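So the sequence shown is residues 1 to 251, counted in my numbering. Idealized CB from N, CA, C, for every residue including glycine. Predicted, not measured: the structure shown is a model, and the values here were computed from it. So the structure is just underneath, and the comments pick up after that.
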Amino acid sequence: LYSIIHLELREEDGNRYWRSRLAIAKSVDGGLNWSMQGNIITQHNEQRAGEDSNIQSGGLVVKDGYMYTWYLDRSSGDREAAVARATLSDVLAGRTNQWYKYYNGKFSEPGLGGRYTPLNEWVGGHNSVSFNTYLNKFVVAQGWTQQVLLFSDDGITWGDRIPVEPGAGGATQLYIYSVITTPGFKENTSGQFFDVSYWGYFHSDPYRYTDTRYVRRFYINESAMSDCLFGWAERTYPLLFAPAGTISATY
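Right under this line is the structure:
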């Protein structure tokens with residue numbers, strides 16, 4: 001098993017200062033124990049004091065001999081979505097310096113500090129990317145003030161947003177940490193039906209965990225892409241734990 005690790009390195013120098021990067025970890029016992037393999041992605045221009053450079057993460061997908069990951073990079077201004085990949089053989093061999101960012105039409109820039117081409121959608125912001133074998137497309141469950149699904153042929157250019165939770169906007173209603181799964185599928189792949197689970201925050205302070213855990217099941221029919229989510233059934237579960245506040249249980 002392999003997993004992306006989101007690392008945050010915090011320092012104090014009179015200003016709030018912190019950097020983040022992605023590393024990869026490996027487990028040989030089904031996920032009971034993990035060993036750090038090393039850093040694989042750092043941003044092109046890491047944060048200066050007072051700036052937000054949270055790299056976040058969009059998970060891992062294995063396709064056609066490559067392992068892909070989506071994340072947030074930055075050059076000189078705001079963060080932007082980006083994608084990087086490594087050959088599966090390099091990942092299995094533990095070669096963490098063989099990850100390459102997508103830049104100007106090729107995966108050619110080093111994962112550690114290299115340049116990048118921004119993606120057209122905010123893929124990689126604490127969300128989940130999966131490769132859907134039924135559609136032969138990448139799919140991402142993307143959240144924040146809305147929860148949406150997007151599809152892509154290549155994992156680089158993403159199509160129109162399909163709303164799952166339209167949202168009311170503002171910090172009182174946020175959706176985050178989405179995961180796409182299909183029972184029995186491996187390597188972050190999904191099939192004709194798939195579940196999307198995510199947090200729903202309903203509070204003026206989204207970090208107080210006064211929230212609900214949602215699970216929605218989608219079934220893809222033979223209609224056009226814009227109609228592919230017709231017929232889904234909603235299942236909503238209460239949060240299993242809450243560090244602060246009260247569980248907001250919705251059924």
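Given a length threshold of 4 residues, each whole run of the alpha helix (DSSP H) inside the region 67–95 is given here in chain order: 88–92.
Between LEU149 and GLU121, the gap from beta carbon to beta carbon reaches 8 Å or more.
DSSP places GLN147 inside the beta strand (DSSP E), whose first and last residues are 147–152. THR87 is a Cβ neighbour of TYR66, given a cutoff of 8 Å.
With a cut-off of 8 Å on Cβ pairs, the region 106–118 is not in contact with the region 132–150, counting fewer than three such pairs. About 5 Å separates the beta carbons of GLY31 and LEU1, which is inside the 8 Å limit, making them a contact pair.
Under the DSSP assignment, PHE107 falls in the beta strand (DSSP E) whose first and last residues are 106–110. Between the region 188–196 and the region 121–134, the count of Cβ pairs shorter than 8 Å is three or higher; the stretches touch. With a cutoff of 8 Å on beta-carbon distance, ALA84 and GLY111 are scored as near each other.
The C-alpha of ASP195 lies about 31 Å from the C-alpha of ARG74. Closest option to ARG79, judged by alpha-carbon separation, among GLY124, GLY155 and SER35: GLY124.
The C-beta separation of GLN43 from ILE55 comes to about 6 Å, placing the pair in contact by the 8 Å criterion.
When beta bridges are read from the DSSP output, ILE55 appears opposite no residue.
Its Cα nearest to that of SER20, the residue LEU72 stands out among TYR198, LYS26 and LEU72. With 16 or more other CB atoms across the displayed protein chains lying within 10 angstroms of its CB, GLY200 is buried. Here DSSP, grouped into helix, strand and coil, assigns ASN127 to coil. Burial of LYS101 is indicated by the presence of at least 16 other C-beta atoms within 10 angstroms of its C-beta.
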